[in-house]
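Protein chains in written order, with my numbering: chain A, 1 to 138; chain B, 1001 to 1386.
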C-alpha cells in the first residue's frame, strides 16, 4: 500500500539513456566529447564547458561510500514501512558522486565512509529501475 | 559610521501556535507593528519585499493596500529575507525607494506542514517537473537527511563529535530560557541532545529546529527618513549572496555557500571577523551553524567543533550566537531569515533586555536556504550600530 505512494523519477528525454541503461543492468554516466568531463545527474550540456556534445560512458557497477545517514523518521508515508533506511552519497567515478540508498546492510555499524559498495539494480516499478548499492562482498 | 540605509522598524510576532490565524494575518499584524515601531505610517511605505512564490508580492501589496514603486520577490529559501534587506538598501541608495517593508508569516505548525521536512515537491506535478529531483527524491531524501550527510562527512574528515554538535543546541536553549517568547525554554544538556530520538543519524531530534507558527516584519529606510524614526538606526553595512549545489556530482559536501558569501561580505564592508560582536546564524540543524561558522571564517575548516565549546557562542562568551534561542529553540515557522535581522536589530539598538550582548556594535546575519548537501543559497549580511 505504502509503496504506491513513493515518489518516482521523471524519465525525461535527456536522462532516458541512463534509465534504460539501468533496466539493462548498465550504469551510463554522461561524458563530454569536447572536454572529457564526466558528471551526474544527466543533462543536455556538459557541467564544465556547457558543450552539448555528450556521450554515455559505461562505468563498473561499484562505488565508494562518500557519506551516509540512517533515516529514522518517516516524513512521507511512502517510506513509513522502510524506516530505518540508509541514504548515501557514493562516488561512482573519481569526483562524480550520486545520491542513493545502501541496501542489504545487516548492521549500520558496518557503514564506513570510503568503504566499497556494489551496485544493486532495483526494479521498483515495471518501468522504473533505481540504482542502489550494498556493502561489497568480502 | 557613514549615513547608510538602515533598519528602522522590527517586529517579531509573539505567537508560536495560532490555529485561528492565517499566514496573511501574521503578515498584516507584523507589518503594522514594524511600521509603528519605526514611527512611520503605511502611507510612508514605497517599497515591498516578499518571498515571491508565484506572485506573492502582488498578494501582499493588495492585502496591505500598499502602492509600492519598488518590489523584490527574491525567493531563495529561508535566507531570502536577508537578500531583501540588502536589495532594499541598494534600491534606497539608487533612489528607487525610501521606505521598504519586508514581511513574513506562516502557520506551519498549525497546518502540520513541517515545511522543508517533507520530501521534495511531487515531481509528478508538471509545474514542478525537474530532471534534477529525479536523482535524489526517489531515494526518500528528506531534508534532515541532506543535512545529516554533511554532518557525517564533517565527522569523518575532522573527527567532529556528536557532543560538539550538541553544544550548539544547548547554547540555543540556554538563550531561549531567557526569551519569554521562545517555544522551548527548559534548559537542556549535551546528554539530553544525544539521548533524544534519532531523526537522521547522526542528527537527533534536539539537533533539529522546532516547528512553529509565526511571523515578523522589518522596515528599511533611507538615512534621511531614519533620522526621524523612533529608534536609533541599525545600519545596513553590506553583504553578499552565494549559491552552492551539486556541481554536476563534483561537490564535496563541506563546500557550503557560506564559504563564498562570508569572505565576500567581509570584503564588501571592510570588516573582519574580529569586528563582529554577535552572530545570528540560521540554525536549521546544529551542523548548519558549525559549517557556517567555518565558512564565515570565525575558525578554520574542521575546527568548528572545538570552536563552539566552552561557552564561546553563549551570551557572555567571545561570540554569542543566536541569542534569541534560534530556530533550535525559539521559532522556526519554515523560513528563519527575517528573525535573524529582527534579533540583530534589538541587539544593536541596545534594547534586548536580559539577553543584551554588551556593547554590541556589529552583528552578522547568515541565512541558509535549501538543502545543505544539495543546492542551497547562503546570504551573509553585516549590520552596525551608529
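We treat Cβ as the ideally placed atom computed from N, Cα and C, and that holds for glycine.
In the structure shown, residue 1097(B) adopts coil according to DSSP, grouped into three states. Apart from sequence neighbours up to five positions away, the residues of its chain that approach residue 1344(B) with a beta-carbon distance below 6 angstroms are 1280, 1363, 1365 and 1383, ordered along the chain. Taking a contact as a CB-CB distance under 8 angstroms, the pair residue 1031(B) and residue 1100(B) does not count as one, their CB atoms being some 12 angstroms apart. Only 1373 and 1374 from the stretch 1348-1376 of chain B bring a Cβ to less than 9 angstroms from some Cβ of chain A. Nearest CB-CB separation between residue 1170(B) and chain A: not below the 9 angstroms threshold.
Taking C-alpha positions only, residue 1156(B) is separated from residue 1092(B) by approximately 46 angstroms. Residue 1168(B) places its beta carbon 9 angstroms or farther from that of residue 1256(B). In chain order, 1240, 1241, 1242, 1378, 1379 and 1380 place their CB closer than 7 angstroms to the CB of residue 1261(B), counting only its own chain and leaving out the 5 sequence neighbours on each side. Interface with chain B (9 angstroms Cβ-Cβ cutoff): residue 115(A) is excluded.
Proximity of residue 52(A) to chain B, defined by a Cβ-Cβ separation below 9 angstroms, is not satisfied. For residue 79(A), no alpha helix (DSSP H) encloses it, and the DSSP letter there is neither H nor E. Within the stretch 5-35 of chain A, the residues whose Cβ lies closer than 8 angstroms to some Cβ of chain B are 6, 7, 8, 9, 10, 11, 12, 14 and 15, listed in chain order.
The continuous beta strand (DSSP E) containing residue 1235(B) extends over residues 1234-1244. By the Cβ-count criterion, residue 1152(B) is buried, with 16 or more other Cβ atoms from all chains shown falling within 10 Å of its own Cβ. Pairing residue 1180(B) with residue 1323(B), the inter-Cα distance amounts to about 12 angstroms. Judged by DSSP in its simplified three-state form, residue 87(A) adopts strand.
Distance from the CA of residue 71(A) to the CA of residue 105(A), rounded to the nearest whole angstrom, comes to 14 angstroms. Going by beta carbons, residue 99(A) and residue 1135(B) fall inside the 9 angstroms limit. The beta-carbon of residue 1143(B) is placed less than 9 angstroms from the nearest beta-carbon of chain A. Relative to the Cα of residue 86(A), the nearest Cα in the group 36(A), 102(A), 92(A) and 110(A) belongs to 102(A). Within the stretch 69-82 of chain A, those residues whose Cβ lies closer than 8 angstroms to any Cβ of chain B are, in chain order, 69, 70, 71, 72, 73, 75, 76, 78, 79 and 82. For residue 1376(B), the enclosing beta strand (DSSP E) stretches over residues 1376-1385. If you check each beta-carbon in the stretch 87-98 of chain A against every beta-carbon of chain B, the ones closer than 7 angstroms belong to 87, 89, 95, 96, 97 and 98. Annotation for residue 1074(B): 1049, 1051, 1052, 1080, 1083, 1084 and 1087 place their beta carbon closer than 8 angstroms to its own, counting only its chain and skipping 5 residues before and after. In this chain, the alpha helix (DSSP H) harbouring residue 1024(B) covers 1023-1038.
For residue 127(A), there are no neighbours in chain B by C-beta distance under 9 angstroms, as the nearest C-beta there is about 13 angstroms away. Contact between the stretch 1002-1010 of chain B and the stretch 16-24 of chain A is absent: fewer than 3 CB-CB pairs across the two stretches fall below 8 angstroms. Separation of the CB atoms of residue 1212(B) and residue 1292(B) is rounded to 21 angstroms, and the pair is thereby denied contact status at 8 angstroms. Closest in alpha carbon position to residue 1318(B), among 1325(B), 1022(B) and 1309(B), is 1309(B).
For residue 1325(B), the closest C-alpha among the options 1302(B), 1285(B), 1301(B) and 1361(B) is that of 1285(B).
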